[in-house]
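Visitor:
2 protein chains.
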Amino acid sequence: MRILVTGAAGMIGRKLCARLAADGALAGRPIETVHLVDVVAPAPPAGACFATLCEALDVAAPSTAAKAIAARPDVVLHLAAVVSGEAESDFDKGYAVNLDATRRLFEAIRRERDRSGGAYRPRLVYASSIAVFGAPFPETIDDDFLVAPLTSYGAQKAIVELLIADYSRRAIFDGIALRLPTVVVRPGPANRAASGFFSSIIREPLSGREAILPTPETMRLWCASPRAAVGFFLHAAALDLERLGQRRSLTMPGFSTTVSEQIEALRRIGGDAAVRLIRRQADESSAAIVSGWPGRFDARRAQALGFAAESSFDEIIRVYLEDDHVPAVA
Amino acid sequence: MRILVTGAAGMIGRKLCARLAADGALAGRPIETVHLVDVVAPAPPAGACFATLCEALDVAAPSTAAKAIAARPDVVLHLAAVVSGEAESDFDKGYAVNLDATRRLFEAIRRERDRSGGAYRPRLVYASSIAVFGAPFPETIDDDFLVAPLTSYGAQKAIVELLIADYSRRAIFDGIALRLPTVVVRPGPANRAASGFFSSIIREPLSGREAILPTPETMRLWCASPRAAVGFFLHAAALDLERLGQRRSLTMPGFSTTVSEQIEALRRIGGDAAVRLIRRQADESSAAIVSGWPGRFDARRAQALGFAAESSFDEIIRVYLEDDHVPAVA
């Protein structure tokens, strides 16, 4: 089993590679090599019993796709992306990375497939996002609801979902797009995702530091832990995708909570002192981006296919404490 | 009012330009110039009281977009496309024309907008298709149902719809995507669209010629006449698009009918002799493409915005007889 991970230096990419090293196998087959690619050189996961190749490659560079696919990985875990806030502020960069570079990766797979006489057809697992949905929507969004993004990031993710369905239908690869919930609690430091504050209002107070809340407490989010997100990728890599039919995009399970409920969970686990470290400071640009995101799904298809996430925000905080918490220095 | 029409030599493009010539105005403003572009030089419409520039430009050529947008048209009617059957048989050509060339057109508008200091922001009306939908679907598809194409053509149309929403949200242009029903009765000769037989089984018998029916008579389609399709474009060019909000794709009204009901309408208008000219000859590739297309919509949003089509198949045949019928040579 040869695996390619793009965006391997990102938060989920690192955790995913650590999990591959711990498991030593994927989809029931022993891992031979993992090729880790990111715009900065990813660190090899500790304790891996397989060969790792860590490369600093900018996916936006035209030559990257061919280099990434040359070894014909059996599984491609494509996480590399410009995040929501940056794709909104830099139109060209967002499309160049999130759309064009992804398409070049798909075309590189197609060329290798043609060179192999059709024998090469990897599994491709793509990090999509619930940002493909946009208001107005019903209180709960089901698996048949329309995709109508309100950000360039969401548009780029939705476009790649369409490409994945078409390339899969044509048997160029066997692809699946996972619409990730908002991933919380992210370990620090913050990236440029507009949703970063959903994590920092938990993470920072638990380490004795102040955090800024830029939106009203009524804001509702659909969330899952980084550990659950890694689980989605591993499950998708092993799943029989014929069970999905032609619809290769799946909204991942998550937990629906409000910022207010997040804060009460923080109070139960971290006490009043932690809650007092949250400072309200309205930020219209963050609020404008995340307020168009949906907060509640009926992720029935994914659940029926065995994808699973946390069922309370307390549980999500506990996963953070177990996996990532850095205690405050006394 | 300066107008650009791409795909101007196609069936709907020609009828649209003829209508512009007859009206002399669009959206209540007199037309100064119409720039007609297609891969073969379009003919100027007869009797136009405005200047016409007819150019043979391949939209797939990198230089075409800048040439088409250089004169800063107020309205862009973008019809140029590789049709469904050809986009399915030629993967590269379909993406090159239906996606890449369209994106270059949008980027050319963006560059002119930047050069104008933001003053230039044209109306853009795009010919999308109900091929953006794919089975399985409910008996009637409403305006909130998911887009899930089952052809590369449908995927390309759906991707452009997402681009139109994003470019419009960013005020690069003021765009709308019209999901055209199957347009019948097309005047001959047949193009390479997989849906061509829906027209030929009416058109050919009415002129005393045999036509082939490649699918079962139970096949249901959502259809409108070429005259109605032209009306959609003119209405969209004049509409206040703020009324659409962020969702810039609209399923156009149409009439839901089966092939069997088409044939009965043909019998009422053309008699048994016409019906006897329909020859059943199963064609799996045509059937596979069109069987994934939906046959019934609740096109409520478009109707509320004033888009209108025929309300019976007899009416659709009568429009054909009035606008396009070439009687059989005795």
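Chains Y and D supply the protein sequences, listed in that same order. The first sequence begins at 1 in our numbering and counts up by one. The second sequence begins at 1001 in our numbering and counts up by one. Using N, Cα and C, we set each Cβ at its ideal position, and we do this for glycine too.
1. Along chain D, in chain order, which residues have C-beta atoms closer than 7 Å to that of Y/Arg247?
2. Hey, does Y/Gly295 have any beta-carbon neighbour from chain D nearer than 8 Å?
3. What three-state label does DSSP hand Y/Val39 in the structure shown?
4. What's the C-alpha gap between D/Glu1204 and Y/Asp298?
5. How many angstroms separate the CA atom of D/Ser1291 from the CA atom of D/Ala1265?
6. So is D/Arg1115 in contact with chain Y if we call contact Cβ pairs under 8 Å?
7. Since Y/His78 and Y/Leu105 are thought to touch, with beta carbons under 8 Å apart, how far apart are those beta carbons, to the nearest angstrom?
8. For D/Gly1154, does the three-state DSSP call read helix, strand or coil?
9. So the candidates are D/Arg1280, D/Ser1249, D/Val1275, D/Ile1289; which of them puts its Cα closest to the Cα of D/Leu1221?
10. By DSSP, does D/Leu1004 sit in helix, in strand, or in coil?
11. Going along chain D, which residues have a C-beta under 8 Å from Y/Ala155?
12. List the residues of chain Y that D/Glu1309 touches, going by C-beta distances under 9 Å, in chain order.
13. How should Y/Glu32 be labelled, buried or exposed, when 16 other C-beta atoms within 10 angstroms of its C-beta is the threshold for buried?
14. Run down chain D in chain order and give the residues with a C-beta less than 8 Å from the C-beta of Y/Ile159.
15. According to the neighbour-count rule (16 or more other Cβ atoms, all chains shown, within 10 Å of its Cβ), is Y/Pro42 buried or exposed?
16. Between the region 130-141 of chain Y and chain D, which residues of the former have a C-beta closer than 7 Å to a C-beta of the latter?
17. If you draw a straight line from the alpha carbon of D/Arg1115 to that of D/Asp1023, how long is it in whole angstroms?
18. Given that a residue counts as buried once 16 or more other Cβ atoms are within 10 Å of its Cβ, and exposed if not, what is D/Arg1014?
19. Is the beta carbon of Y/Gln246 sitting closer than 8 Å to the one on Y/Ala165?
20. Does chain Y have any CB closer than 8 Å to the CB of D/Ser1152?
21. Return yes when the Cβ of D/Ile1141 is within less than 8 Å of the Cβ of D/Pro1294, no when it is not.
22. Report all residues from its chain with a CB closer than 7 Å to the CB of Y/Ala236; omit the five preceding and five following residues, and keep chain order.
23. Could you tell me which of Y/Ala60, Y/Pro136, Y/Val34 sits nearest to Y/Ala49, measuring between CA atoms?
24. Against chain Y, which members of the region 1167-1200 of chain D pass a CB distance test of less than 8 Å?
25. Are the C-beta atoms of Y/Asp144 and some chain D residue less than 8 Å apart?
26. For a quick check, are the C-beta atoms of Y/Leu305 and Y/Leu239 less than 8 Å apart?
27. Could you run through the region 1089-1111 of chain D and flag, in chain order, every residue whose CB is less than 8 Å away from some CB of chain Y?
28. Alpha carbon to alpha carbon, how far is Y/Ser207 from Y/Met11?
29. Fully enclosed by the region 1201-1244 of chain D, which alpha helix (DSSP H) runs are 4 residues long or longer?
30. Consult DSSP for Y/Tyr320 and reduce its assignment to one of helix, strand or coil.
31. Counting beta carbon pairs with one atom in the region 131-138 of chain Y and one in the region 91-108 of chain Y, are three or more of them shorter than 8 Å?
32. When you compare the CB positions of Y/Glu217 and Y/Thr258, do they come within less than 8 Å of one another, or not?
33. Using CA atoms only, rank isn't needed, just tell me which of Y/Ala8, Y/Leu99, Y/Ala193, Y/Asp143 is closest to Y/Ser286.
34. Starting from Y/Val125, follow the beta strand (DSSP E) in both directions and report where the run begins and ends.
35. From Y/Asp174, Y/Val83, Y/Val97, pick the residue whose C-alpha is nearest to that of Y/Ile130; which is it?
36. My guess is that D/Pro1253 and D/Phe1197 are in contact by the Cβ rule of under 8 Å, so how many angstroms apart are they, rounded?
Guide: The structure says:
1. Ala1148
2. no
3. coil
4. For D/Glu1204 and Y/Asp298, the distance between alpha carbons rounds to 50 Å.
5. 22 Å
6. No, no contact with chain Y.
7. That belief holds up - the Cβ atoms of Y/His78 and Y/Leu105 are roughly 6 Å apart, short of 8 Å.
8. helix
9. The shortest C-alpha separation from D/Leu1221 is found at D/Ile1289.
10. strand
11. Leu1162, Leu1163, Ala1165, Asp1166
12. Correcting the residue type first, residue 1309 of chain D is Ala in the shown sequence and not Glu. By Cβ distance, chain Y contributes nothing, its closest Cβ being about 22 Å from D/Ala1309, past 9 Å.
13. exposed
14. Here the neighbours are Ile1159, Leu1162, Leu1163.
15. So Y/Pro42 ends up on the buried side.
16. Gly134
17. Between D/Arg1115 and D/Asp1023, the alpha-carbon positions lie close to 32 Å from each other.
18. Answer is buried; the Cβ neighbour count reaches 16.
19. yes
20. Yes - at least one Cβ of chain Y is within 8 Å of the one on D/Ser1152.
21. yes
22. Val125, Ile176, Leu178
23. According to the sequence displayed, residue 49 of chain Y carries Cys and not Ala. Closest option to Y/Cys49, Cα to Cα, is Y/Val34.
24. Arg1169, Arg1170
25. yes
26. yes
27. Phe1091
28. 19 Å
29. 1226-1238
30. helix
31. no
32. yes
33. Y/Ala193
34. 123-129
35. Y/Val83
36. About 23 Å separates the two Cβ atoms, so there is no contact after all.
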